[in-house]
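Working notes, beginning with the structure itself.
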Amino acid sequence: MSEPRKNTGILAGRARTGAVTIAVAALLAGCSPSAPPTEATPTASVEERYQAQLAEQRLEALVEPLSPLPAATPTTPAGTMLGDGEWAVVGREWPSDQTTMTVGVVPVSATPGDLEADFAYVPDDERAKLGDVTPLYVDYQYALLEGERMYPAVTAVQLVLSDGSLADIPIIVGGLGPSKTDTFCAREPAASDFPQEVGDVYQGCKIFLVPEGLDAVSVQWGGEGIYKTEGVRWPIPAA
């Protein structure tokens, strides 16, 4: 009489074991993370990648202003003499489509150089055509105060000499300018090539030639607009 009970116990144990196995399997199935639905990764277009590159270049080119930026208006009258670190506010016009803008300009420093040492890579006969001169490297900042874009400031930055004339820039056959490995006069970035925002500040440098016997007496913003005949001037900033 005990044998049937023994078989019944074994069958019941097996049934319980099977039930537990099924329950564990079900539990594991419920806990397993399901595969996420496949989504196509968006790919940036050529234009989007190009714009992102321009935005990165803009951030790399921006500098801290020498002094707080001025209000966009009123513009600085022609003939004004400003102090060290004082911004000129000038109206400009994009030549190709007459887009108008208001920009701020201020000289930062003026550093004398050595023509033979700085431009040793230029052939002696070409360099000699410049005469007895000393290069002066004028750093300046310019900022967009009003408008959507601005074109480079370098064309209107001038150097006034002690005889009232404007200093020459170094132009000779084959071109004269800092070699790519020199950093004593970093050219201004092509800010007009990338997106701009009001308040953006950039910095550039322009090379002037000061003849022997003359001195540089002021930096001038001139040569365009209302400043063609009488520019805005600053004293020569320190190196």
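Just so you know, we're using numbering that gives the first Met the number 0 here: the sequence shown kicks off at 0 and counts up by one. The C-beta atom is built at its ideal place from N, Cα and C for all residues, glycine as well. Quick caveat, the model's predicted, so the values are computed rather than measured.
Legend entry - Inter-residue spacing [alpha-carbon to alpha-carbon] between Y150 and A142: 11 Å
Legend entry - Contact set for A215: own chain, Cβ-Cβ below 8 Å, skip 5 residues either direction: A109, L135, L158, V159, L160, S161, A166, F207, V209, I235
Inset, instruction - Have a look at R91 and R148 and give me their C-alpha separation to the nearest angstrom. - result: 10 Å
Legend entry - Exposure of T72, with buried meaning 16 or more beta-carbon neighbours within 10 Å: exposed
Inset, instruction - Please state whether DSSP places V62 in a helix, a strand or coil. - result: coil
Inset, instruction - Take A116 and list the residues in its own chain whose beta-carbon comes closer than 7 Å to its own, dropping the five residues that flank it on each side. - result: none
Inset, instruction - Could you work out which residue in K227, T42, E59 is closest to P194 when comparing CA atoms only? - result: E59
Inset, instruction - Answer yes if the region 225-233 comes into contact with the region 78-98, meaning at least three C-beta pairs across the two stretches below 8 Å, and no otherwise. - result: yes
Legend entry - E115, enclosing alpha helix (DSSP H) - first and last residue: First-last of the alpha helix (DSSP H) with E115: 114-117.
Legend entry - In chain order, each beta strand (DSSP E) run of at least 3 residues that lies wholly inside the region 122-196: 132-145, 156-160
Legend entry - Residues near S217 by beta carbon distance below 7 Å, same chain, minus five either side: Excluding residues up to 5 positions away in sequence, V159, R232, W233, P234, I235 lie with their Cβ nearer than 7 Å to the Cβ of S217 in the same chain.
Legend entry - Residue from S191, R48, K205 with nearest C-alpha to L61: S191
Inset, instruction - Classify G221 as helix, strand or coil using the three-state DSSP reduction. - result: coil
Legend entry - Pairwise C-alpha distance: E196 and A28: In this prediction, A28 has a pLDDT of 45, which is less than 50 and means its spatial position is unreliable; what the coordinates show is noted afterwards. Between the C-alpha atoms of A28 and E196 there is a straight-line separation of about 56 Å.
Inset, instruction - Counting only the same chain and skipping the five closest in sequence on each side, list residues whose C-beta sits under 7 Å from that of R186. - result: Excluding positions up to five away in sequence, the list reads G203, C204.
Legend entry - Residue range of the beta strand (DSSP E) that includes Y201: 200-210
Legend entry - Straight-line Cα distance separating E47 from L53: 10 Å
Legend entry - Rounded C-alpha distance that separates E211 from T133: 7 Å
Legend entry - Residue range of the unbroken beta strand (DSSP E) whose run includes S108: 99-111
Inset, instruction - Could you check the C-alpha separation between P111 and G103 for me, to the nearest Å? - result: Between P111 and G103, the C-alpha separation is close to 25 Å.
Legend entry - R232 - partner residues in DSSP beta bridges: M80, Q219
Inset, instruction - Give the single residue among Y120, T99, A152, P67 whose Cα lies nearest to the Cα of E145. - result: Looking at the Cα atoms, T99 is the closest of the given residues.
Legend entry - Residues near G222 by beta carbon distance below 6 Å, same chain, minus five either side: A155
Legend entry - Sequence-distant residues of its chain with Cβ nearer than 7 Å to G78 (five each side left out): Cβ neighbours of G78 beyond the five flanking positions: E229.
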